[in-house]
Amino acid sequence: MIPAVEGDQPAATRRIALRVAYEGTRYSGWQVQPGRMTVQGTITEAIRAISGESVVLRGSSRTDAGVHALDQVAAFTSASGHSAEVWVRAINAMLPPDISVREGREVAADFDPVSAAVRKRYRYRVHDAPWKPVLDRHLAWRWRGRLDDDAMRRAAPALVGEHDFTSFESAPSTRVSKVRTISSLDVFRPALADDVPGAEVWIEVEGNGFLYNMVRIIAGSLVMVGAGRRSPGWLGEAVAARSRPAAGPTAPPQGLVLVSIDLGTAWPA
196 MIPAVEGDQP
206 AATRRIALRV
216 AYEGTRYSGW
226 QVQPGRMTVQ
236 GTITEAIRAI
246 SGESVVLRGS
256 SRTDAGVHAL
266 DQVAAFTSAS
276 GHSAEVWVRA
286 INAMLPPDIS
296 VREGREVAAD
306 FDPVSAAVRK
316 RYRYRVHDAP
326 WKPVLDRHLA
336 WRWRGRLDDD
346 AMRRAAPALV
356 GEHDFTSFES
366 APSTRVSKVR
376 TISSLDVFRP
386 ALADDVPGAE
396 VWIEVEGNGF
406 LYNMVRIIAG
416 SLVMVGAGRR
426 SPGWLGEAVA
436 ARSRPAAGPT
446 APPQGLVLVS
456 IDLGTAWPA
């Protein structure tokens, strides 16, 4: 356990929220699973090593195995008395290099990172240049063949707005409602600093919530359009069908990153 330092207060129950980044390559997702290494489990063990507490660490998004995050939000309650700033320093000192706490705050006792999330933004990277990605091989889906990103952009608007996204959820599912709202869906080729401009297609989607594997299925479907295997108008037909076989394949996990979570008034600037 860490000793008391300046900024600590006498032991009192506190709710601490963290903004966490991680490369998910080595992990079996966010959620704790028996016998598997997970991001949630790794951070929970760091907290235990610091304060001796077995806390319940709740995250805003249950990212899958191999999926990454720049801005996962998680929260736990502690009686240790450590300030949020002390927690950030102490946890980071205990974490492996592929997980980092970016920021921490003390929040209201009833703060829930799941219900507090107003919007989430995800990015999916597809590398379609003639050469293989080397430095970013764990961060992008390698597609052999040049994609028509213009056709992908023409298809994307069919998914924007409020829809029943049954076609874009992996089964089985326990979610009663399949209705979600996508506020933006952008397809573009970024000017990457560590690669030749145009080597990748990025798909960025923002919405109020997502079904299981929804973003990866959206990415897989848009790639089918970009590869010329489906027409841009097909995506609207897939939404209307409300049937998983109507949409495209589930893209592999390594191309997906949780970019940001908007907590609204629960996390004021």
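So in this note's numbering the end of the sequence shown lands on 464, straight run, no missing numbers.
Think of the CB as a built atom: it goes at the ideal place given N, C-alpha and C, for glycine as much as any other residue.
Using the beta-carbon count (16 or more within 10 Å), is residue i buried or exposed?
i, result
"Leu330", "exposed"
"Val200", "Caution is warranted here: a pLDDT of 46 is assigned to Val200, below 50, making its placement in the model unreliable, and the coordinate value is therefore given only provisionally. By the neighbour-count rule (16 or more Cβ atoms within 10 Å), Val200 is not buried but exposed."
"Ala433", "buried"
"Lys315", "buried"
"Ala414", "buried"
"Pro328", "buried"
"Ala207", "exposed"
"Pro440", "exposed"
"Met232", "exposed"
Look at the alpha carbon of residue i and the alpha carbon of residue j, and state the distance between them as a whole number of angstroms.
i, j, result
"Asp345", "Glu399", "15 angstroms"
"Leu265", "Thr220", "14 angstroms"
"Gln204", "Arg214", "The predicted position of Gln204 is uncertain, since its pLDDT is 49 and thus under 50; a value taken from the coordinates is nonetheless stated next. Roughly 22 angstroms separates the two Cα atoms."
"Ala216", "Glu298", "10 angstroms"
"Gly393", "Arg424", "21 angstroms"
"Asp176", "Asn287", "Outside the shown range of the chain (196 to 464) lies residue 176, about which nothing can therefore be said."
"Ala366", "Arg437", "13 angstroms"
"Thr239", "Gly340", "42 angstroms"
"Phe383", "Trp326", "19 angstroms"
"Asp323", "Val302", "43 angstroms"
"Phe306", "Thr369", "24 angstroms"
According to DSSP, what are the bridge partners of residue i?
i, result
"Ser365", "Ser365 pairs with nothing; no bridge assigned."
"Leu451", "Tyr319"
"Trp336", "Val321"
Would residue i and residue j be called neighbours here (beta carbons separated by less than 9 angstroms)?
i, j, result
"Val227", "Tyr319", "no"
"Leu380", "Val355", "yes"
"Leu417", "Ala350", "yes"
"Ala353", "Pro308", "no"
"Ala212", "Val268", "yes"
"Phe363", "Asn403", "no"
"Val262", "Gln449", "yes"
"Ser246", "Ser275", "yes"
"Asp359", "Val371", "no"
"Ala469", "Ala311", "Within the shown structure, residues of the chain are numbered from 196 to 464, placing residue 469 beyond reach of any answer."
"Leu458", "Val313", "yes"
"Val321", "Trp397", "yes"
"Trp338", "Ala442", "no"
Could you tell me which whole alpha helix (DSSP H) segments of length 4 or greater appear in the segment 261 to 308? If one requires a minimum length of 4 residues, the alpha helix (DSSP H) runs lying completely within the segment 261 to 308 are 279 to 289, in chain order.
Can you check the segment 361 to 448 for any beta strand (DSSP E) of at least 3 residues that lies completely inside it and give the ranges in chain order? DSSP runs (the beta strand (DSSP E)) wholly in the segment 361 to 448: 374 to 383 and 395 to 402.
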